[in-house]
Amino acid sequence: MPHLSRALIAFGLAGIVSVIVPANADAVTIELKDVAPDRIERQRKFAEGSLPLPDTPDLSKLSERLDTFGSKAGAAMLIRIFKAESELEIWLRKGDVFERFATYPICHWSGSLGPKLKEGDKQTPEGFYTVTRQQLHQGGRHPRSLNLGFPNAFDKSQARNGSYILVHGACSSVGCFAMTNAVIEEIYNLAEASIKEGQEHLPVHVFPFRMTAANLNEHKASPWIDFWHNLKDGYDAFERTRQAPRVSVCNNRYEFAEPAPQEGGASGPLAVCGATVAAIGTLEPYYKVASHQPLLWQRALATLTPSQKQSFAERKSLVAARRPLTLRAMETATKGERVQALRAPLQASEAASQPATRISTLKCSLQRPSCRRFVSLAQKSVHRRRLRTAANAG
C-alpha cells in the first residue's frame, strides 16, 4: 500500500497520480487538470488488467449487435468524441440518416478542455476532421489506429501545429485518444469496412463536451467560448438532420451546410475558401510565434478603434489577395479553390488597372510547375501594367 499512499498524496498536491505496475507492464502516468476525473479510475483499472472498462459494449458480439441494430459493417460511418465525458460514439447510416450504434468509454486523453495549439503541448484537438484510407494505420507502436489528420485547414489558419494525432489502443497517451486495444480493434474494423465500401472520407467530430446551452453557459468565462460556439453550429447541424454536414473553413470559422440529396452518406474533406488558403500561406512563417500566444491577437484587436479595425481589415484583404499560393496551401485547397485563389489577385488587379490582359481561363493544370510559373508571370505582368497606368494618370 505504500505506493498507493504516495500516489494519493501526489494527486492531492499536484493533480497527478502515478500508478506503479509490475515491471513486465508499461508504467502508466495519469495527468489530470480540470475535467474528466474518471480518467484516473480508468487508468487504474487498465493497469490492474480489469478490462473491459465499465459501459463498454460487448465486443465479442459485434455481429449480433449489428443485426439487432439493423445494419452491417460497411455502412457509412461517423465518429463523435466528447472530451469532458470521455466518450466516443460511432454512428452508422440507416436509410437517409445516421443513427448511434455504440458509445465507448475513452480510457485516456491528455490535457484539458480547449484545442491543441502546438506540437508537444499534450493537448488533444477539437474540431472537424476526416479519416481516409491512408489514415488507417496498421503498424508502429499502435498497430490499429485512426490518424485524425491534425492540423486540418482550420488549425493551420490559426497557426496551430502538430502531427500524428491518433485514436489508438492502450490507455496512455500524450495528445491522442487511447481506447484500449480491444475497443480500437472494433472501431478500426468498422472504419476500415466503411472506407472499403466507398466512404472516402469518414467524419470525426471532436468536442470539448456535449454542446448543450447549459454546458456552454458553465464555461462562458473560457477564452475558447467563441470557438466553442462555432463548434456548436456543427454539433447542431448534425443533431438537427442526423446527416453529416458539409464542412468548410473560411474567415477564421467553420461553416456548415446540409449535404446535397445525391451525396447520400458520403462526406468530403474540408473545403477551403481562397482567403483561408492565402491566410495559411501568410501565417506559415509565424507558426512558431503564434502557437505560443494564440489569443494575443484577439486581445490586441479588442483595443483597436473602429477606424483602426477597418484599416487592418483592408490591409489584411490586400495581403490575402496578393499573396501567392504556397505548395502547402495548394495541397490543402480543393482544385476549384486553387483555381479561384490564383484567379482572384489577377481579377483584382485587372479591376484596378484597365485596360489589362484578362485571363479568363487557365489552360493548364495547376499541379504542374510550369503552369504555376505561367500564372506567376501573368500576375507580375498585370502588376507592371497597373503601375504604368497609374504613372501615366499622374
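Letter by letter, the sequence shown follows residues 9 to 402 in my numbering.
Cβ coordinates follow ideal geometry from the N, Cα and C atoms, glycine included.
In the structure shown, E200 falls within a helical segment according to DSSP collapsed to helix, strand and coil.
CA-CA distance, S181 to R396, rounds to 60 Å. Judged by their CB atoms, K124 and R168 are nearer to each other than the 8 Å cut-off. Judged by their CB atoms, C179 and A190 are not nearer to each other than the 8 Å cut-off. Excluding the 5 residues flanking it on each side, V255 has same chain C-beta neighbours closer than 7 Å at F136, G242, Y262, F264, L278, in chain order.
In terms of Cβ geometry, L86 and E194 do not form a close pair [threshold 8 Å].
Taken through DSSP and simplified to helix, strand or coil, V182 comes out as coil. Under a 10 Å Cβ-count criterion, V105 is classified as exposed, with fewer than 16 other Cβ atoms of the shown protein chains found around its own Cβ. Cβ contact annotation for L67 (same chain, cutoff 8 Å, sequence separation greater than five): P60, A190, V191, E193, E194, in chain order.
Taking a contact as a CB-CB distance under 8 Å, the pair H176 and S153 counts as one, their CB atoms being some 4 Å apart. Nearest neighbour of T249 by Cα position, chosen from E107, S79, T220, turns out to be E107. Non-local C-beta neighbours of A201 in its own chain, meaning closer than 6 Å and more than five positions away in sequence, comprise A81, G82, ordered along the chain.
By the neighbour-count definition (other C-beta atoms within 10 Å, threshold 16), G183 is a buried residue.
Judged by beta-carbon spacing, R141 lies within the 8 Å limit of I203, meaning their Cβ atoms are closer than that value. When the five nearest sequence neighbours on each side are left out, the beta carbons in the same chain lying within less than 6 Å of the beta carbon of P65 are those of A110, in order along the chain. For S230, the three-state secondary structure derived from DSSP is coil.
Using a 10 angstroms sphere on the CB of N259, the tally of other CB atoms stays under 16, which defines it as exposed. Rounded to whole angstroms, the separation of the alpha carbons of E56 and D244 is 39 Å. The beta carbons of K130 and G148 sit no closer together than 8 Å.
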